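All remarks here apply to the structure that follows.
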Amino acid sequence: MTKFKRFWMYVFLILAAAVSIFPFLWILVSSTNLSKDVSNGRLLPGAQLIQNFQHLTEQINLGQALWNSGRIAVITTVLALLVASLAGYGFEIYRSRAKDIVFNILLLSMMIPFASLMVPLYRMFAQFSGTLPFIGVDTVASVILPTFTTAFLIFFFRQSTKMFPRELLEAGRIDGLSELGLFFRVYLPTMKTTYAAGAIITFMSSWNNYLWPLVVLQSPEKRTIPLLISNLGSSYSPDYGMIMVAIVISTLPTALVFFLMQKHFVAGMTGSVK
Amino acid sequence: MRSESAVRRRSNGALTGWMFVIVAVVLICAFYFYPMIQALLLSFKTGTGAHIHFNGVDNYKRLFTDKVFITALKNTCIFLVIQVPIMILLSIFISVLLNDSKLKFKGFFRTAIFLPSVTSLVAYSVVFKYMFGTDGLVNLALTKMHLISAPIQWITDPFWAKITIIIAITWRWTGYNMIFYLSGLQNIDSSIYEAARIDGASAFRQFRSITIPLLKPIILFTSITSTIGTLQLFDEVMNITKGGPGNATMSISQYIYNLSFKYTPDFGYAATVSYTIVILIVLLSIIQFKVAGDRK
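Going down the list, the sequences are from chains Y and C.
The numbers in our numbering rise by one with no breaks, and the one at position 127 of the first sequence is 127.
Our numbering runs 1000 ahead of the 1-based position in the second sequence.
In structure tokens, the structure reads:
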């Protein structure tokens, strides 16, 4: 490659990286500035972070919202990993033609847009409301139940199981472990990195989920972080500094998870297309 | 005796296998396939609350004369036709640059460009709304650089509002798609390129005749997932433009949401509208598979 071409390559990549990073820097800087400085385009850090944070906690119950989002994301992640890994393992280890057909049918669910499920799901939970405790509209269960099982995660675990050494299972059987025992005591500990990648993907999508919680959660004290951010953002005369603090706080958990486990995350994403 | 126990063991094994997958199968049927059938039945009904009654294909007839629906469908198609190809070309281009073995700061570039995909759709939408406001940062920068004399009405002009949505989605998803291309490129044996270079193939020729054909399965994968994503567009339009101005950025998903929870609820008609996305996804996926298959 000529020097000239190489130069433009760097120019392009630096530009692309700058465009990608800039909004993050802007949020961080703005969270420390007064609202009017933000709207005047101030790009230097200020000293208003604590004050902005105080305004935020006066307006909304931040702790409650974090607890709501956190509880939903953690329960969703644990259930999703358990159900999807059991299924991915089952489909791959006990493979049969009938199971392959069932698996392919499950994959079709990936093509169903959530918007078309929203109305019937809402009606389903509205019916539960009168009859069953804990799983009507406006409950934690109604947010979690329809979202935690995804064909994508089952597919993801099945792909990873292809590389799992089956001799370990034979060895376990000789040691007298039951089939379920093999799964929990041999498979699960060996597949730690797959579980880590699956956990990141699920936690992030659950933490950031917007449409379904918007539909199904009605009482203000049950709202999750994205619903609050959306509400703050729609006010007529927004307090930019305060909103930026809220956005920083809402992004911190997933950004942290991402940076701590970046390698697994990228491996997990790319593993799904191989 | 022996064969009997072998048979029993095999059928036991089969049963054990089903035991592992049954929970997932039941849940996906209960929360995906069953609601899909419910939506189909619902799409032939109308009314609110307890007064829902059958009305044949009236909902489907209504689609063709419903101006808001036609606008939403048009908008969604515009987003699809413009945004998806731009984003896919951009992410292939970036991943090819990042795959260069002599490139410095590769890790930094990759992480930086991937970073947008970890943000929540709502949070980034709110940020974009402020950046593209009339006195927002983007207009401020463009004015200071003397590229424009009057601020662009990014959010309040029908044309620019669509452009804003397209810029936003491209910012959010290019890095995400790039990761798939990077992994695909890493699987291509570098000796193929060396052979091509010895034969005197230009960089563009190598790209067209080696990179693109070998990446085809991933191009198919990313274009289908991006198509499905765009057809479901909701968070961005809801939080950047609210579907406006007028209905200039209204997406089908947002229209379904409005029909069900914002206007006087009409679940039946909402279900009818939602089936148009299903049909679009199926049609477009078939076309994409066909196009990818024919080039083999």
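All residues carry an ideal CB built from backbone N, CA and C; glycine is no exception.
None of these values were measured; they are calculated from a predicted model.
Whole-angstrom distance between residue j and residue i, CA atom to CA atom
i: C/T1276; j: C/T1076; result: 12 Å
i: C/F1069; j: C/F1044; result: 17 Å
i: Y/E221; j: Y/V140; result: 12 Å
i: C/Y1257; j: C/I1219; result: 31 Å
i: Y/A151; j: Y/L107; result: 5 Å
i: C/L1097; j: Y/M9; result: 7 Å
i: C/L1103; j: Y/T193; result: 29 Å
i: Y/L252; j: C/K1162; result: 30 Å
i: Y/F128; j: Y/P23; result: 43 Å
i: Y/L13; j: Y/W26; result: 20 Å
i: Y/A255; j: C/Y1060; result: 44 Å
i: C/L1063; j: C/Y1269; result: 9 Å
i: C/T1330; j: Y/F183; result: This structure cannot settle anything about residue 1330 of chain C, because the visible part of chain C is limited to 1001 through 1296.
i: Y/K274; j: C/Y1176; result: Any answer about Y/K274 is weak, because its pLDDT of 46 lies below 50 and its placement is not dependable; what the coordinates show is given next. Approximately 16 Å, taken between the alpha carbons.
i: Y/S96; j: C/G1184; result: 30 Å
i: C/I1169; j: Y/E167; result: 46 Å
i: C/W1160; j: Y/N208; result: 27 Å
i: C/S1190; j: Y/Y240; result: 50 Å
i: Y/S234; j: Y/Y210; result: 15 Å
Residues that residue i contacts on chain Y, provided the C-beta gap is smaller than 8 Å
i: C/V1126; result: I229, S230, L232, G233, I243, I247
i: C/I1277; result: P113, A115, S116
i: C/V1282; result: M111
Chain Y contact residues for residue i, given Cβ-Cβ distances below 7 Å
i: C/Y1130; result: Y240
Chain C contact residues for residue i, given Cβ-Cβ distances below 7 Å
i: Y/G90; result: G1017, F1020, V1021
i: Y/F156; result: In chain order: nothing, as chain C lies at least about 12 Å away.
i: Y/G41; result: L1137, L1140
i: Y/L169; result: Those do not exist, as Y/L169 stays about 12 Å from chain C at its closest Cβ, beyond 7 Å.
Per-residue contacts from residue i into chain Y (C-beta, under 9 Å)
i: C/S1260; result: M118, V119, Y122, V215
i: C/F1267; result: V119, P120, Y122, R123
i: C/M1036; result: S109, I112, S116, L117, P120
Element boundaries [alpha helix (DSSP H), containing residue i]
i: C/I1052; result: C/I1052 -> no alpha helix (DSSP H), and no H or E assigned at all.
i: Y/D37; result: 35-39
i: Y/M9; result: 3-30
i: C/S1075; result: According to the sequence shown, residue 1075 of chain C is Asn rather than Ser. C/N1075 -> alpha helix (DSSP H) spans 1067-1098.
i: Y/G136; result: Counting along the chain, Y/G136 falls outside any alpha helix (DSSP H), and DSSP gives it neither H nor E.
i: C/K1216; result: 1212-1231
i: C/L1121; result: 1121-1131
i: C/F1109; result: 1106-1114
i: Y/V248; result: 240-260
i: C/S1149; result: Segment: none, C/S1149 is in no alpha helix (DSSP H) and carries neither H nor E.
Chain-ordered neighbours of residue i on chain C, where CB pairs are closer than 8 Å
i: Y/M261; result: Within 8 Å Cβ-Cβ: nothing; Y/M261 doesn't reach chain C, min ~11 Å.
i: Y/K99; result: G1017, W1018, V1021
i: Y/A87; result: F1020, V1021, V1023, A1024, V1025
Cutoff 8 Å: residue i Cβ touching any chain C Cβ
i: Y/I135; result: no
i: Y/E179; result: yes
i: Y/V11; result: no
i: Y/L211; result: yes
i: Y/P220; result: no
i: Y/M283; result: Past the boundaries of the shown model lies residue 283 of chain Y; chain Y is included only from 1 to 274, so the question cannot be answered.
i: Y/L15; result: no
Minimum Cβ-Cβ distance from residue i to chain Y less than 8 Å
i: C/Q1206; result: no
i: C/A1196; result: no
i: C/V1291; result: no
i: C/P1116; result: yes
i: C/N1099; result: no
i: C/T1119; result: yes
i: C/Q1153; result: no
Going residue by residue through the segment 1154-1210 of chain C, where are the continuous alpha helix (DSSP H) segments of at least 4 residues, counting only ones entirely within it? Qualifying alpha helix (DSSP H) stretches, in chain order: 1158-1186, 1190-1198, 1203-1206.
Quick one: which unbroken alpha helix (DSSP H) runs of 4-plus residues sit fully inside the segment 43-111 of chain Y? Chain order, please. Within the segment 43-111 of chain Y, the runs of alpha helix (DSSP H) at least 4 residues long that lie entirely inside it are, in chain order, 49-59, 62-93, 97-108.
Secondary structure, alpha helix (DSSP H): runs of 4+ residues fully inside the segment 149-237 of chain Y: Scanning the segment 149-237 of chain Y from its first residue to its last, the whole alpha helix (DSSP H) runs of 4-plus residues come out as 151-161, 167-174, 179-182, 192-208, 211-216, 225-233.
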